[in-house]
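With the sequence shown counted from 1, adding 40 to any position gets you the working numbering.
Notes to accompany the following structure.
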Amino acid sequence: MTITDAVNTQLSVDGDDLYVKHTSTGTQNNTLDGPVSWSFDWTAPADPSDVTFYAMGNAANGNNSNSGDYIYSATFTTTPATALDPAPRPTDFALLDVVPNPFNPSAEIRYQLAQSGEVNLAVYDMAGRQVARLVQGVQGAGRHSARWNGLTASGSPAATGVYLARLEQHGRVQVQRMLLVK
41 MTITDAVNTQ LSVDGDDLYV KHTSTGTQNN TLDGPVSWSF DWTAPADPSD
91 VTFYAMGNAA NGNNSNSGDY IYSATFTTTP ATALDPAPRP TDFALLDVVP
141 NPFNPSAEIR YQLAQSGEVN LAVYDMAGRQ VARLVQGVQG AGRHSARWNG
191 LTASGSPAAT GVYLARLEQH GRVQVQRMLL VK
């Protein structure tokens with residue numbers, strides 16, 4: 041990992057585990073609202089093994105006790121691609137990637153269509169409930185993208201957690217996980 045915001049972020053090492061955490065400057069002290077984010081670049085390890093990201097955040101209400109405070113947590117495990125998972129050809133129907141992932145406050149969902157037609161792209165929570173609809177309508181063949189701003193269909197902020205981007209066209213469906221971290 042490489043820290044890209046040294047003022048608000050620091051890197052700690054404990055054995056084989058790496059931790060990205062905020063500095064005291066990065067806590068957004070004495071503010072009423074607004075998310076805090078920290079930036080880092082990550083390169084996957086050379087060995088083909090799963091990597092798990094753990095994210096935690098503390099929402100404190102400033103009353104000098106833990107009454108009313110809340111700890112948010114999320115876990116996301118990446119599975120490396122193998123030689124058996126070839127990259128999609130430009131003529132394939134494919135949900136390509138979510139960038140960045142994990143993300144805050146928004147993510148770009150990239151996809152490609154093999155042919156023109158009605159397209160549906162929506163975000164679902166892990167219970168299978170639709171959270172937001174990003175695309176509904178006819179699109180041409182080729183590469184496309186849509187941005188999810190982390191808001192529900194009613195306009196309220198979605199909770200920290202794992203969500204599913206679901207792309208559907210001509211009876212074909214692809215799903216990809218994405219992690220919203222606040």
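Heads up, the beta-carbon is just placed ideally off N, CA and C, and yes, glycines get one too.
- By the neighbour-count definition (other C-beta atoms within 10 Å, threshold 16), Ala134 is a buried residue.
- By the Cβ criterion, the region 167-182 is not in contact with the region 210-221, since fewer than three pairs of Cβ atoms, one from each stretch, lie closer than 8 Å.
- With contacts defined by Cβ atoms closer than 8 Å, Leu136 and Tyr164 do not form a contacting pair.
- Measuring C-alpha to C-alpha distances from Gly201 to each of Val221, Leu191 and Ser185 identifies Val221 as the nearest.
- With fewer than 16 other Cβ atoms from the protein chains shown falling within 10 Å of its own Cβ, Ala193 counts as exposed.
- For Gln155, same chain residues with a beta-carbon under 6 Å away, outside a window of 5 residues either side, are Ala181 in chain order.
- Within the model, the alpha-carbon separation for Ser146 versus Gly211 is close to 28 Å.
- A straight-line Cα-Cα distance of about 14 Å links Ser185 and Glu208.
- For Val53, the uninterrupted beta strand (DSSP E) segment begins and ends at Thr49 to Asp54.
- Around the beta carbon of Gly190, a 10 Å sphere encloses 16 or more other beta carbons of the protein chains shown; the residue is thus reported as buried.
- At a Cβ-Cβ threshold of 8 Å, Arg187 and Glu148 count as neighbours.
- Per DSSP, the continuous beta strand (DSSP E) segment holding Val213 begins and ends at Arg212 to Leu220.
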